[in-house]
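A.B. asks: Residue numbers (our numbering), protein chains in the order written: chain A, 118 to 415; chain B, 1434 to 1773.
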């Protein structure tokens, strides 16, 4: 039947390799949309700078390696911390000032910031990417019988799942997460209980930026470290967030992975549509369930 | 009224004389972008909907115009009209889906739709992919006037701009425009008065898309090519910046913003990526300290009424800080539970 549909079905190793690429993309979509969902949930701002913060994380890892000789494993900790600091400064200096206004101004401000950051890096490093080598421990491939699995790719999937589930756990199951969720619903009341809401907001934005940077470090050996890496992925991530439901953590994680897989599958069977399939799904979801798959319907 | 008529006449006289002092190609580019910004401002300033995907209409129409004129041999006006028609249909489809949400959700949805159009234009055969459609002939207007001379083309573009701009001004000052403003200020009240707000919003969206398409098609004719830059989401961002800089919700603001921005880009063309940095900085500064835009601030100097309180041009409602009670966003539908 499949042959009568004139679908080019590649041999199994190629099919699974493409699915693996889809899963990897999905892992990054999940991590990035997770950060966006966290920031949107608490600050009600679409953080357009998220792509730039992702790029900053990757470049930070590259700087650490090429200027300070610091390798991948320390970079996994240092880069997100550095970008978290940048995020804290952004929130404190810029976003705080427009907190009372319509949320669209936050979108415009972060969009402008993204332009500034990417413009500076593009001026310094051009549009092409800098290479970043896979750390020695994670090099090589493992044969699974039906396909070859690069060890670094497996590490990325495991790491991103760990990061996503940890974040979900912190927000949903810990006291800090409860404070965050309460502050989203009624900041005045929560503040009257003695909890420092403004500081929590600042740290949340910083944490979201740090998540993006962590994704950037993980991405550095796979995709090139390029000033354009943020803007090329951010619009897809926005679509993922809309599909999952804009403030929903679980929605972001699940949608990210699933949509990455769907994109990979589309590339196998109908490559011309692989760029737009996520947006088409978004249009369908909006028709059927405007609040997103995991959000509550409007 | 007399003052407006005087200023309008003066500006038109200036525009008629301008190509003898300023490089016509620059003027034409600025006029096209000004029309684009005015069309965008119709949606954001008067209906209150910030679309982040207007480049889809601008660039899509550019491709249609380029293709019909170059490949199918349409005369210029027919090419422009077919491009506008396609942009309007696109606006109808996108608008119908996007109107279901408001505010930030609306912006995100329009952005995603614009990306769809971008990838379609990247891959479709008739758009020429990375090269775009080049060598579009300017043709003969109505069969007689040769548009390949810059001066003649300039007056044609000026005429197109004045038609589009006149349409926008007429729309704003009509009963339809009043309903749009009512929807922006308080949609539930407009609903309770019996207006089908969705239909009005959709009509405004289609109008805005069609005029953006007119701007894009004219631009394709001026520069004689259509390319992926016209449908890129950075083009959507540029038109937002022009309108914000000039003044959202003002009539002349988008024109001022467009001329300033195109002027800056032309002047700094050698600076490469620094242009992006400067544009981003202007964005940040405008949002932080300059939300009324240039025309908004200037109007405030001349008229205390205009300066009354529009520090928040997108949504004039009182939005308190989070130290106070959380805002009762009557207009926004109850979204998904945050962080659930």
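Note that CB positions come from ideal geometry on N, CA and C, so glycine has one too.
Note that the structure is predicted; figures quoted are calculated from it, not measured.
Out of curiosity, what's the CA-to-CA distance linking residue 240 of chain A and residue 1555 of chain B?
C.D. replies: Cα to Cα, residue 240 of chain A sits roughly 25 Å from residue 1555 of chain B.
A.B. asks: Between the beta-carbon of residue 1472 of chain B and the beta-carbon of residue 1601 of chain B, is there less than 9 Å?
C.D. replies: Cβ atoms of residue 1472 of chain B and residue 1601 of chain B: closer than 9 Å.
A.B. asks: Should residue 1670 of chain B and residue 228 of chain A be called a contact, given that it needs their Cβ atoms to be closer than 9 Å?
C.D. replies: Cβ atoms of residue 1670 of chain B and residue 228 of chain A: closer than 9 Å.
A.B. asks: What are the partner residues of residue 1573 of chain B, as DSSP defines its beta bridges?
C.D. replies: BP columns for residue 1573 of chain B point to B/1579.
A.B. asks: Between which residues of its own chain and residue 178 of chain A is the CB-CB distance below 6 Å, once the five residues before and five after are set aside?
C.D. replies: Same-chain partners within the cutoff: 192, 196, 334 and 337.
A.B. asks: Please name the residue in A/137, A/373 and A/253 whose C-alpha comes closest to that of residue 265 of chain A.
C.D. replies: It is A/137 whose Cα lies nearest to the Cα of residue 265 of chain A.
A.B. asks: With DSSP run on the structure shown, which of helix, strand or coil describes residue 132 of chain A?
C.D. replies: Correct three-state label for residue 132 of chain A: helix.
A.B. asks: Show which residues of chain B have a CB atom less than 7 Å away from the CB atom of residue 264 of chain A.
C.D. replies: Residues of chain B passing the Cβ test: none, with the nearest at roughly 28 Å.
A.B. asks: Quick check on residue 1743 of chain B - is its C-beta less than 9 Å from some C-beta in chain A?
C.D. replies: Because the pLDDT at residue 1743 of chain B is just 48, under 50, the model does not fix this residue reliably, and the value given afterwards should be weighed accordingly. Chain A, which has no Cβ nearer than 9 Å to the Cβ of residue 1743 of chain B, makes this no.
A.B. asks: If you reduce the DSSP assignment to three classes, tell me which class residue 312 of chain A lands in.
C.D. replies: Here residue 312 of chain A sits in coil by DSSP.
A.B. asks: According to DSSP, simplified to helix, strand and coil, what is residue 266 of chain A?
C.D. replies: It is a strand residue.
A.B. asks: Please list the partners that residue 1703 of chain B has in chain A, where partner means a Cβ-to-Cβ separation under 9 Å.
C.D. replies: Per Cβ cutoff of 9 Å: no residues; residue 1703 of chain B is ~12 Å from chain A at best.
A.B. asks: Give, in chain order, every residue of the segment 199-218 of chain A whose Cβ lies closer than 9 Å to some Cβ of chain B.
C.D. replies: Under the 9 Å Cβ criterion, the segment 199-218 of chain A contributes 211, 214, 215, 216, 217 and 218.
A.B. asks: What does residue 167 of chain A reach in chain B if we use C-beta pairs closer than 8 Å?
C.D. replies: Those do not exist, as residue 167 of chain A stays about 13 Å from chain B at its closest Cβ, beyond 8 Å.
A.B. asks: Determine, for residue 1538 of chain B, whether the minimum Cβ-Cβ distance to residues of chain A falls below 9 Å.
C.D. replies: Yes, residue 1538 of chain B lies at the interface with chain A (some Cβ there is under 9 Å from its Cβ).
A.B. asks: For residue 319 of chain A versus residue 213 of chain A, is the C-beta distance shorter than 9 Å?
C.D. replies: Going by C-beta atoms, residue 319 of chain A is nearer than 9 Å to residue 213 of chain A.
A.B. asks: Using a Cβ-Cβ cut-off of 9 Å, state whether residue 1549 of chain B counts as contacting chain A.
C.D. replies: Yes - at least one Cβ of chain A is within 9 Å of the one on residue 1549 of chain B.
A.B. asks: My output table needs one value for residue 1566 of chain B: the three-state DSSP class, helix, strand or coil.
C.D. replies: Strand, per DSSP.
A.B. asks: Is it the case that the segment 1706-1723 of chain B contacts the segment 1506-1521 of chain B, given that we only count it when at least three CB pairs across the two stretches are under 8 Å?
C.D. replies: With the cut-off at 8 Å, the segment 1506-1521 of chain B and the segment 1706-1723 of chain B do not touch.
A.B. asks: Taking the C-alpha atoms as reference points, what is the distance between residue 1701 of chain B and residue 234 of chain A?
C.D. replies: Computed Cα separation, rounded: 19 Å.
A.B. asks: Would DSSP call residue 1441 of chain B helix, strand or coil?
C.D. replies: Helix at residue 1441 of chain B.
A.B. asks: For residue 387 of chain A, which residues in the same chain have their Cβ closer than 6 Å to its Cβ, ignoring the five residues on either side in sequence?
C.D. replies: Counting only Cβ-Cβ distances below 6 Å, and skipping sequence neighbours, we find nothing.
A.B. asks: Below 8 Å, can you find three or more Cβ-Cβ pairs linking the segment 1602-1610 of chain B to the segment 1646-1653 of chain B?
C.D. replies: Because the criterion of three Cβ pairs below 8 Å is not met, the segment 1602-1610 of chain B and the segment 1646-1653 of chain B do not touch.
A.B. asks: Ignore the nearest five residues each way along the sequence and tell me which others in residue 353 of chain A's own chain have a CB closer than 7 Å to its CB.
C.D. replies: Contacts found: 146 and 395.
A.B. asks: Alpha carbons only, please: which of A/385, A/384 and A/373 is nearest the one belonging to residue 399 of chain A?
C.D. replies: Of A/385, A/384 and A/373, the residue nearest in Cα terms is A/373.
A.B. asks: Around the Cβ of residue 366 of chain A, are there at least 16 other Cβ atoms within 10 angstroms (buried) or fewer (exposed)?
C.D. replies: Looking at its Cβ environment, which holds 16 or more other Cβ atoms inside 10 Å, residue 366 of chain A is buried.
A.B. asks: If distances are taken between C-alpha atoms only, which option among A/384, A/288 and A/404 comes closest to residue 131 of chain A?
C.D. replies: If we check each option's Cα against that of residue 131 of chain A, A/384 comes out closest.
A.B. asks: What are the start and end residues of each continuous beta strand (DSSP E) run of 3 or more residues lying completely inside the segment 1603-1643 of chain B, in chain order?
C.D. replies: List check, beta strand (DSSP E) in window: nothing returned.
A.B. asks: Exposed or buried, residue 1563 of chain B, counting other C-beta atoms within 10 Å across all chains shown (16 or more means buried)?
C.D. replies: Per the 10 Å Cβ criterion, exposed.
A.B. asks: If the criterion is Cβ atoms closer than 9 Å, does the pair residue 401 of chain A and residue 231 of chain A meet it?
C.D. replies: Cβ distance not < 9 Å, so residue 401 of chain A and residue 231 of chain A don't count as in contact.
A.B. asks: Please classify residue 1585 of chain B: does DSSP put it in a helix, a strand, or coil?
C.D. replies: Helix.
A.B. asks: Take the Cβ of residue 407 of chain A as the centre, count every other Cβ of all protein chains shown within 10 Å, and call the residue buried at 16 or more, exposed below.
C.D. replies: By the neighbour-count rule (16 or more Cβ atoms within 10 Å), residue 407 of chain A is buried.
A.B. asks: Check residue 1556 of chain B in the structure and name its three-state DSSP category.
C.D. replies: It is helical.
A.B. asks: Find the residues of chain A that neighbour residue 1673 of chain B, judging by a C-beta separation of less than 9 Å, and give them in chain order.
C.D. replies: Going along chain A in sequence order, the residues near residue 1673 of chain B (Cβ under 9 Å) are 225 and 228.
A.B. asks: Can you tell which of B/1468, B/1659 and B/1625 has the C-alpha that lies nearest to the C-alpha of residue 1567 of chain B?
C.D. replies: Among B/1468, B/1659 and B/1625, the Cα nearest to that of residue 1567 of chain B belongs to B/1659.
A.B. asks: When DSSP labels each residue in this structure, what does residue 166 of chain A get in the three-state scheme?
C.D. replies: Coil at residue 166 of chain A, not helix or strand.
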